[in-house]
Amino acid sequence: MKSSRIVIITVASLFLIFNIVALLTALIPPKVVFVLMGGLIAFCITMLRLEYGLIILVFALPWTLQIKVATIAGAPFKIGSDDAVLFGMMLGWLAHMATGKVGPFPASPLNLPIVAFVTWAGLSFIPLGLTKGASVLAICGLHLFKWVEFALVYFIVLRVVNTEEQAKRFVVLSLISCAAIVAVQLALTATGHYGREVYLGGIATKIFVPGVESNSVLGAYYLLSFGIILSLLVSMGIRHKGLLIAFAAVVSIGLFFTYGRANYLGMATILLVLTISGGGARVRLPFIFLIIALCALVYFLPFVVQRMSMTFHIEQGGALKFEDSADARLIVWRLAAKVFVERPTNPFIGIGFWGARFHGAFGFSTIHNQYLAYLIEMGVVGFVIFCWLMKRVIHQILLLYRLSSEDYFCRALSIGFLAGVIGVLVASFFGELLESPRIMGPFWFMIALIVALKNIKEEELEGEEAVSEAYWEAGEGAIPPGKRFVDRYFR
Numbered sequence: 076m077k078s079s080r081i082v083i084i085t086v087a088s089l090f091l092i093f094n095i096v097a098l099l100t101a102l103i104p105p106k107v108v109f110v111l112m113g114g115l116i117a118f119c120i121t122m123l124r125l126e127y128g129l130i131i132l133v134f135a136l137p138w139t140l141q142i143k144v145a146t147i148a149g150a151p152f153k154i155g156s157d158d159a160v161l162f163g164m165m166l167g168w169l170a171h172m173a174t175g176k177v178g179p180f181p182a183s184p185l186n187l188p189i190v191a192f193v194t195w196a197g198l199s200f201i202p203l204g205l206t207k208g209a210s211v212l213a214i215c216g217l218h219l220f221k222w223v224e225f226a227l228v229y230f231i232v233l234r235v236v237n238t239e240e241q242a243k244r245f246v247v248l249s250l251i252s253c254a255a256i257v258a259v260q261l262a263l264t265a266t267g268h269y270g271r272e273v274y275l276g277g278i279a280t281k282i283f284v285p286g287v288e289s290n291s292v293l294g295a296y297y298l299l300s301f302g303i304i305l306s307l308l309v310s311m312g313i314r315h316k317g318l319l320i321a322f323a324a325v326v327s328i329g330l331f332f333t334y335g336r337a338n339y340l341g342m343a344t345i346l347l348v349l350t351i352s353g354g355g356a357r358v359r360l361p362f363i364f365l366i367i368a369l370c371a372l373v374y375f376l377p378f379v380v381q382r383m384s385m386t387f388h389i390e391q392g393g394a395l396k397f398e399d400s401a402d403a404r405l406i407v408w409r410l411a412a413k414v415f416v417e418r419p420t421n422p423f424i425g426i427g428f429w430g431a432r433f434h435g436a437f438g439f440s441t442i443h444n445q446y447l448a449y450l451i452e453m454g455v456v457g458f459v460i461f462c463w464l465m466k467r468v469i470h471q472i473l474l475l476y477r478l479s480s481e482d483y484f485c486r487a488l489s490i491g492f493l494a495g496v497i498g499v500l501v502a503s504f505f506g507e508l509l510e511s512p513r514i515m516g517p518f519w520f521m522i523a524l525i526v527a528l529k530n531i532k533e534e535e536l537e538g539e540e541a542v543s544e545a546y547w548e549a550g551e552g553a554i555p556p557g558k559r560f561v562d563r564y565f566r
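Written out as structure tokens, the structure is:
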């Protein structure tokens, strides 16, 4: 696009935005205006260049302004600024695909599991609608739409990122966004505001990092970045070691201040995975020193040890007694097992995606276990599809690692992100973390970068594959339409 045309479009867009803001400010609350403008700005910028829209998305995914737009079946439904930005980006993305005459969904090994997951989640609404009514069905359907919305991030990034330099820029920007969130958390902690209970509109609300709904979600978000930071730190050929050391220390402190035992367990899992794998480094020795450093850090933060030790204690007589929150989780898990066999259809199709919150057994609360939640809500079939999706994700990460024998950055990124994903999967035994928008957004964004880098590495070796394809076509005739369809969308 010529520079003069870009200037004209930019000026026209700014003029349009100014007039819309002036009109809406007089009609609707300022928060709603802010959210709508975020979407409009994202659309205008994405129309100029898709990569610019993704830069906005990197910073919009972890940060969001949530606005309650309705109360459905007793549950508040909120729309965030990230939803508006995503919607604006999707419109711009579809417009680009239409003008470029290319399909919006590039071929990917994750396409089929994603389609299967969404399809089965939709089918699980059948018993939910029959037993709970239209209002519950509507709120659960909206949350499935949110899941689809964040899964579309994967396809947008995969379509845009075509070079390794692009992927590196987005990884760096993601880490900068994480650093900003840690800085806000530590500033709130230092001033005594972090976790403090305040009353907004007569409702008790705890102050966390803006846009992050709980400590457990904040910790899981840190886990996704923590493995990458450590792996980059010990990898050969990576510069700015001093900055990475400081970043690793700050993120560790942020993780400790989430007070989440599941987060601590995820952190230990990341260290274990990186120690076993080497984290892309030639030797595993650096991780031994990292573990020693973290243990020393724990020594200077005694509340971490106290938080872990209070999980259970042994009473007089040798009886094992769990702390109240841990005991409550065990009770909920037992109830979940009963709900699983409550009806003959439950083990097969479940009670409906996101439907556990409306089951009387749980009192409009979560099950505090992502895997039990999927098993209860989507049955054995839905749970197997979820496991299949996670298997494909891990397989793509390992493929990038194997294809990057001489690329230190890609090796460090792949094994570091693998450690982060495993850490989040471990932490998800104690909370529905994979359903949180603050986790889904960065997760799908990063896995798209991994798959894009894997595709780039494969293209470097595609000569041999093209020759074998030519031999096959010469010997067998034209490629059947069915095979061409599968190769295009589900390769």
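Reminder that position 184 of the sequence shown reads as 259 in the numbering used here, one-by-one numbering, no gaps. Don't be surprised by glycine CBs; every beta carbon is placed ideally from N, CA and C.
{"query": "Find the nearest neighbour of A323 within the set S300, R382, V526 and M112, judged by alpha-carbon distance.", "result": "S300"}
{"query": "Given a cut-off of 8 Å on the beta-carbon distance, is the pair I525 and S503 in contact?", "result": "no"}
{"query": "Counting Cβ pairs, one atom from each stretch, are 3 or more of them under 8 Å apart for the region 514 to 524 and the region 309 to 316?", "result": "no"}
{"query": "Counting C-beta neighbours from all protein chains within 10 Å, is the total for E534 16 or more, i.e. buried, or is it exposed?", "result": "exposed"}
{"query": "Quick one: measure Cβ to Cβ for G495 and M453, integer angstroms, because I've assumed they're closer than 8 Å.", "result": "Contact doesn't hold; Cβ gap of about 25 Å is too wide."}
{"query": "Closest to T350 by CA distance: which of K413, I201 and I367 is it?", "result": "I367"}
{"query": "Thinking C-alpha only, which one of Q141, L185 and L395 is nearest I469?", "result": "L185"}
{"query": "Using beta-carbon positions only, say whether L478 and K529 come within less than 8 Å of one another.", "result": "yes"}
{"query": "Could you tell me the distance, in whole angstroms, from the CA atom of G308 to the CA atom of R513?", "result": "This sequence places Leu at residue 308; Gly is not what is there. Each residue's Cα considered, the two are about 25 Å apart."}
{"query": "Can V499 and L508 be called in contact, C-beta distance under 8 Å?", "result": "yes"}
{"query": "Thinking just about the alpha-carbon of each residue, which of L233, T206, W138 and Y446 is nearest to the one in I154?", "result": "W138"}
{"query": "Evaluate the contact criterion for the region 460 to 476 versus the region 236 to 253: three or more CB pairs, one atom per stretch, below 8 Å.", "result": "no"}
{"query": "Straight-line CA distance for L340 to Y297?", "result": "13 Å"}
{"query": "If you measure between the beta carbons of G167 and M112, is that distance less than 8 Å?", "result": "no"}
{"query": "Measuring only the C-alpha atoms, how far is K143 from R404?", "result": "28 Å"}
{"query": "Can at least three beta-carbon pairs, one atom from the region 431 to 451 and one from the region 226 to 236, be found at a separation below 8 Å?", "result": "no"}
{"query": "In whole angstroms, what separates the C-alpha of G267 from that of L395?", "result": "35 Å"}
{"query": "Hey, out of L410, A173, K176 and G216, whose CA is closest to T194's CA?", "result": "G216"}
{"query": "Return the CA-CA distance between E240 and I328, expressed in angstroms with no decimal places.", "result": "31 Å"}
{"query": "Answer with buried or exposed for D399, where buried requires no fewer than 16 other C-beta atoms within 10 angstroms of its C-beta.", "result": "exposed"}
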